[in-house]
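One point on numbering: in the numbering used here, the residue at position 39 of the sequence shown is 39, and numbering is uninterrupted.
Every residue gets a Cβ at the ideal spot worked out from N, C-alpha and C, and that includes glycine.
Keep in mind it's a predicted model, so treat the numbers as computed, not measured.
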Amino acid sequence: MERKTGQSTMPLPTKEEIRTQAERGAYDRNPLLATRHEVVCQTCGQKCSIVFLDYLKAGAFELEQTKMVEVVHAAPTITGLEQTMEQMTPITFTIHCKRCGAETPHSPLTLEYLVFTTRRSASAGFYI
């Protein structure tokens with residue numbers, strides 16, 4: 001296995017910058033963010049339908065501490081698997097159950113994913 005370190009040199013956006021970008025529509029065409037998802041209450045089992053984009057636009061999320069994680073890529077190379085160490089900053093939404101009132105933390109996204117999706121769309125459409 002080959003080991004690489006994938007660290008970003010660009011500063012990550014703050015919570016307020018993410019909320020502002022969401023309000024301006026930077027994430028509106030992202031199917032993961034704009035689609036309804038079901039979250040199950042850990043206390044009573046009630047299903048709650050949420051849209052991650054609504055939470056981003058409302059600023060109803062928390063940025064957790066950045067962690068280094070090992071990512072293994074299964075690529076068709078001579079050496080086999082390749083692994084990298086990458087940083088990950090979870091975005092946590094707190095879901096309030098309408099039935100029992102319990103709060104369930106849910107972390108389906110990372111800050112790095114949001115940065116990737118906005119930077120990728122800026123270069124989309126260029127052909128060589």
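| Asked | Found |
| --- | --- |
| For glycine 25, which option in Thr14, Val39, Lys57 and Val51 has the closest C-alpha, if you only look at C-alpha atoms? | Lys57 |
| Could you check where the beta strand (DSSP E) with glutamate 103 kicks off and where it finishes? | 103-110 |
| DSSP state of alanine 26, grouped into three classes? | coil |
| Assuming the contact rule is C-beta atoms closer than 8 Å, valine 51 and alanine 74 should be a hit. Round their C-beta distance to whole Å, please. | At roughly 32 Å, the Cβ-Cβ gap does not stay under 8 Å, so valine 51 and alanine 74 are not in contact. |
| Check whether the region 15-22 touches the region 93-104, counting contact only when three or more Cβ pairs, one atom from each stretch, lie closer than 8 Å. | no |
| To which residues of the same chain is lysine 67 closer than 6 Å at the C-beta, ignoring the five residues directly before and after it? | Met88 |
| DSSP state of phenylalanine 52, grouped into three classes? | helix |
| Apart from the five residues just before and just after proline 105, which ones in its own chain have a Cβ nearer than 6 Å to its Cβ? | Thr92 and Thr94 |
| Judging by CA-CA distance, which residue of Arg119, Val115 and Arg99 is the nearest neighbour of glutamine 42? | Arg99 |
| Which first and last residues belong to the alpha helix (DSSP H) in which proline 31 is found? | 31-34 |
| By DSSP, does methionine 1 sit in helix, in strand, or in coil? | Here the model assigns methionine 1 a pLDDT of 40, short of 50, so the residue's position is not dependable, and the following value carries that caveat. Coil, per DSSP. |
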